[in-house]
Structures are given as C-alpha cells and as structure tokens.
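Notes follow the structure.
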Amino acid sequence: MARYVREVMTAGVAAVRPDASLVEAAQLMRAQDIGDVLVARGDQLIGVLTDRDITLRAVADGADPLTVSVQSVCTRSPVCVGPDDELVTAVRLMRRHAVRRLPVVEGGRPLGMLSLGDVAARQDLRSALGDISRAAPQTWPEVPRQGGPADRSGPPQAL
Numbered sequence: 006m007a008r009y010v011r012e013v014m015t016a017g018v019a020a021v022r023p024d025a026s027l028v029e030a031a032q033l034m035r036a037q038d039i040g041d042v043l044v045a046r047g048d049q050l051i052g053v054l055t056d057r058d059i060t061l062r063a064v065a066d067g068a069d070p071l072t073v074s075v076q077s078v079c080t081r082s083p084v085c086v087g088p089d090d091e092l093v094t095a096v097r098l099m100r101r102h103a104v105r106r107l108p109v110v111e112g113g114r115p116l117g118m119l120s121l122g123d124v125a126a127r128q129d130l131r132s133a134l135g136d137i138s139r140a141a142p143q144t145w146p147e148v149p150r151q152g153g154p155a156d157r158s159g160p161p162q163a164l
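Written as structure tokens, this is what we have:
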C-alpha cells in the first residue's frame with residue numbers, strides 16, 4: 006500500500022497564466038480530461054482553478070468566460086502538499102479544508118496534483134470511488150454555439 010504522496014500523485018502540471026481567460030483554461034481541461042489546472046506565473050504557483058470555480062464563480066453569475074481572467078476566479082494560495090508528505094497527512098488536509106485536490110509542490114515549484122480519486126484508486130481497490138477513479142474517461146460531444154440547433158432562447162426551464 007502506498008504511503009507517500011509521490012507514490013500516488015499525478016506527475017506533471019497542467020497550468021495556465023493568471024491572465025488567461027476562463028475559456029482557455031476550460032479548453033485545456035477538456036483537452037487533458039482533467040477538472041482543474043494550476044495557475045502559475047513561471048514556476049511560481051498562484052492558485053488552482055477548477056471546473057466548479059468556472060461554473061459557480063463566473064458562468065452562474067452571467068460573466069463572459071472569454072473576458073474573465075483565471076486569476077479573478079481561482080482559489081489563491083491553495084493548501085499544498087509535498088511529494089514526501091505521508092498520504093495520511095494529505096487526506097487529513099483534504100478533509101479539513103473540504104477539497105478534493107491538492108497541488109504537489111517542492112520548494113514552491115509545482116510538480117503535480119494529488120486527487121482524492123488518486124488516493125482511492127491506489128488505497129482501496131474495492132471502494133466505489135476507487136473503481137470510478139480507475140474507469141476510462143468518456144469523450145464529450147461538441148456543444149453547438151449559440152444560435153445553433155441546441156440554442157433555446159429564454160431562461161432555462163425546469164424539467
């Protein structure tokens with residue numbers, strides 16, 4: 006059983022500049038089939054942006070994702086772990102701060118991400134979360150732009 010963050014983390018960093026638009030960040034997330042990106046200036050971690058941040062902090066308020074910058078929506082100064090931290094410590098941090106993902110940094114430099122799914126997939130092979138986390142990702146259909154066949158003018162309707 007894995008004991009340290011480095012044994013379970015997803016190495017490599019998907020990052021965007023602080024001045025990138027939310028659309029740029031969302032396109033990167035889609036291309037890499039991930040739910041978050043690090044916000045970095047060079048090697049310096051500034052924050053974390055999740056798909057949920059985009060939805061709740063921008064789109065739900067009617068903001069234009071083409072003009073809103075990542076830095077205005079991201080979580081700044083996120084809780085982080087190091088590659089040599091114990092998994093128990095990382096899970097405790099996730100629980101305490103109610104987050105599902107932690108940037109893995111060393112000397113302030115981002116190395117990767119640790120997700121609750123990463124931990125579940127390696128630690129408890131029979132759990133539902135572990136099973137789901139190991140499943141192959143789906144591909145998502147392209148959504149027509151406004152004015153296309155899927156455009157429904159007016160406010161959303163409850164089903």
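If you count the sequence shown from 1, you need to add 5 to reach my numbering. Glycine residues also receive a C-beta, built at the ideal position from the N, C-alpha and C atoms.
#1: Whole angstroms are fine: how far does the CA of T80 sit from the CA of S26?
#2: Who does V42 pair with in a DSSP beta bridge?
#3: Are there 16 or more other CB atoms within 10 angstroms of the CB of R165, so buried, or fewer, so exposed?
#4: What number of angstroms, rounded off, separates the C-alpha of M118 from the C-alpha of P70?
#5: In terms of residues, what are the limits of the beta strand (DSSP E) holding V13?
#6: Hey, which unbroken runs of the beta strand (DSSP E) at 3 residues or more fall wholly within the segment 81-134?
#7: Does the CB of V28 have a neighbour CB from chain B at under 8 angstroms?
#8: From I51 to M6, what does the alpha carbon distance come to, in whole angstroms?
#9: Taking the alpha carbon of I59 as the reference point, which residue from A19, V93, V28 and E91 has its own alpha carbon closest?
#10: Does DSSP classify V75 as helix, strand or coil?
#11: Is D38 closer than 8 angstroms to V74 when the C-beta atoms are compared?
#12: Buried or exposed: R101, going by 16 or more other Cβ atoms within 10 Å of its Cβ?
#13: Bridge partners of V21, per DSSP?
#14: Looking at V64 and the ligand FMN, is the gap between the Cβ and the nearest heavy atom below 7 angstroms?
Short version:
#1: Within the sequence shown, residue 26 is the residue found at index 21, counting from 1. Within the sequence shown, residue 80 is the residue found at index 75, counting from 1. Cα-Cα distance, rounded: 15 angstroms.
#2: Locating residue 42 in the sequence shown gives position 37, where the first residue counts as 1. According to DSSP, which records beta bridges pairwise, V42 is partnered with L54.
#3: It is not possible to answer for residue 165, since the shown part of the chain is limited to 6 through 164.
#4: Counting from 1 along the sequence shown, the entry for residue 118 is found at position 113. Counting from 1 along the sequence shown, the entry for residue 70 is found at position 65. Between M118 and P70, the C-alpha separation is close to 25 angstroms.
#5: As a position in the sequence shown, residue 13 is number 8, starting the count at 1. No beta strand (DSSP E) contains V13, which DSSP labels as neither H nor E.
#6: 106-111 and 114-120
#7: No chain B is present in this structure, which holds just one protein chain.
#8: By one-based count along the sequence shown, residue 51 stands at place 46. By one-based count along the sequence shown, residue 6 stands at place 1. One C-alpha to the other measures close to 32 angstroms.
#9: Translated into positions along the sequence shown, residue 59 becomes position 54. Checking every option, the nearest Cα to that of I59 belongs to V28.
#10: Along the sequence shown, read from residue 1 onward, the residue named residue 75 stands at position 70. DSSP places V75 in helix when its eight states are reduced to three.
#11: One-based indexing of the sequence shown puts residue 74 at position 69. One-based indexing of the sequence shown puts residue 38 at position 33. Per the sequence shown, the amino acid found at residue 74 is Ser instead of Val. No, Cβ-Cβ distance for S74 and D38 is not below 8 angstroms.
#12: For this step, residue 101 is matched to residue 96 along the sequence shown. Taking every protein chain shown into account, the CB of R101 has fewer than 16 other CB atoms within 10 angstroms, so this residue is exposed.
#13: Residue 21 sits at position 16 when you count from the first residue of the sequence shown. V21 pairs with V44.
#14: Judged by which ligands are present, the structure shown has none, so any question about the ligand FMN falls away.
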